[in-house]
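In my numbering, the protein residues as written are 31 to 358.
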């Protein structure tokens, strides 16, 4: 079997304002796009390099080029054994999914045995800022989004969450500490946030410090993000986290993401499907996991100054899949 040809390109997309979390602030996101072709059909995949893991778009492009030169078959299954998880594998895996779908004359969701994509409510991220700024952002978003995800660090936690609650009194709230609470009384913080109506806390501790969550008796679940990339990370998460945030860029593609979702479910862990800053091309494969998720956080394109034409739309608080063929 002849391997498909592979090309990559690096794209830069402006953020709407700034996207600020505990570890950094971004005004632009750099993406890697892979295309695979059999001479008749072209499959595409977009990924966002995980900067906190040392990834860059240039390194991703190099990794994809090296894999394309290998003499072994270029298939989704072979990628699991020949590439590390991460953005490079994600871009290539998603491109291969779309190529297979076009070759088979059926959409990816059918190939994967999944439900057809449907409108779904997504969380909208409130960036870390002064409490008054976060309150205003929550008020502006509350009419369009039923669930808000609050970015936090270790400073003024309750004050910031209370400000968001004032701005959006009826919204569902989840928070993301991005590994910043190692030195805090995490159980006390969880109880305080539960009193403010927060229903889940994402990644309160640094990856590698999961044991800090043992025996806390928190009233709301903890969700692993940085601590869980693939199904092989579930052992260190079980008993510490009650849910996992599945992002294709961490998992290294839709193929591993589907496996991770199933393995998490078998352990009784809830699933969140999330994303990095991305365009709708990166969201389309991730959205296939939405029916399996308790929390959906696919607002990547909504945080950009612009998106690809024909991508996802926000309507009545729901993220609506493209009407015309877009990906897969």
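We treat Cβ as the ideally placed atom computed from N, Cα and C, and that holds for glycine.
{"Query": "Looking only at its own chain, which residues have a Cβ that is under 6 Å from the Cβ of residue 256, when we skip the five neighbours before and after it?", "Result": "209, 233 and 237"}
{"Query": "Taking only runs of the beta strand (DSSP E) that begin and end inside the stretch 275-321, which ones reach a length of at least 3 residues, in chain order?", "Result": "300-303"}
{"Query": "Residues bridged to residue 37 by DSSP?", "Result": "65"}
{"Query": "Alpha carbons only, please: which of 199, 192, 183 and 35 is nearest the one belonging to residue 214?", "Result": "183"}
{"Query": "Between which two residues does the beta strand (DSSP E) containing residue 230 stretch?", "Result": "228-232"}
{"Query": "In chain order, what residues of the same chain have a beta carbon less than 7 Å from the beta carbon of residue 94, not counting five sequence neighbours either side?", "Result": "36, 38, 64, 118, 121 and 122"}
{"Query": "Between which two residues does the alpha helix (DSSP H) carrying residue 138 extend?", "Result": "138-141"}
{"Query": "Could you pull out every residue in the same chain whose Cβ sits closer than 6 Å to the Cβ of residue 55, ignoring the five residues on either side in sequence?", "Result": "48"}
{"Query": "Taking 8 Å as the threshold, find out whether the stretch 83-100 comes into contact with the stretch 261-272 through three or more Cβ pairs.", "Result": "no"}
{"Query": "Looking only at its own chain, which residues have a Cβ that is under 7 Å from the Cβ of residue 176, when we skip the five neighbours before and after it?", "Result": "151, 201, 202 and 347"}
{"Query": "Under the assumption that residue 164 contacts residue 205 (Cβ atoms under 8 Å), give the Cβ distance between them as a whole number of angstroms.", "Result": "That belief does not hold up - the Cβ atoms of residue 164 and residue 205 are roughly 11 Å apart, past 8 Å."}
{"Query": "Any beta carbon of chain B sitting closer than 8 Å to that of residue 47?", "Result": "Looking for chain B here will not work: only one protein chain is present."}
{"Query": "Ignore the nearest five residues each way along the sequence and tell me which others in residue 125's own chain have a CB closer than 7 Å to its CB.", "Result": "64, 65, 66, 73, 74 and 75"}
{"Query": "Between residue 350 and residue 328, which are expected to be in contact by the criterion C-beta below 8 Å, what is the C-beta distance as a whole number of angstroms?", "Result": "12 Å between Cβ atoms; not a contact."}
{"Query": "Closest by CA to residue 82, which one among 284, 279 and 199?", "Result": "279"}
{"Query": "Using 10 angstroms around the beta-carbon of residue 336, count the other beta-carbons present and answer buried if the total reaches 16, otherwise exposed.", "Result": "exposed"}
{"Query": "I need the straight-line Cα distance from residue 292 to residue 144, nearest angstrom please.", "Result": "13 Å"}
{"Query": "Beta-carbon within less than 8 Å of residue 354's beta-carbon, same chain only, minus the 5 sequence neighbours each way: which residues are those?", "Result": "340"}
{"Query": "Between which residues of its own chain and residue 325 is the CB-CB distance below 6 Å, once the five residues before and five after are set aside?", "Result": "302"}
{"Query": "Considering Cα atoms alone, identify which of 79, 284 and 114 is closest to residue 58.", "Result": "79"}
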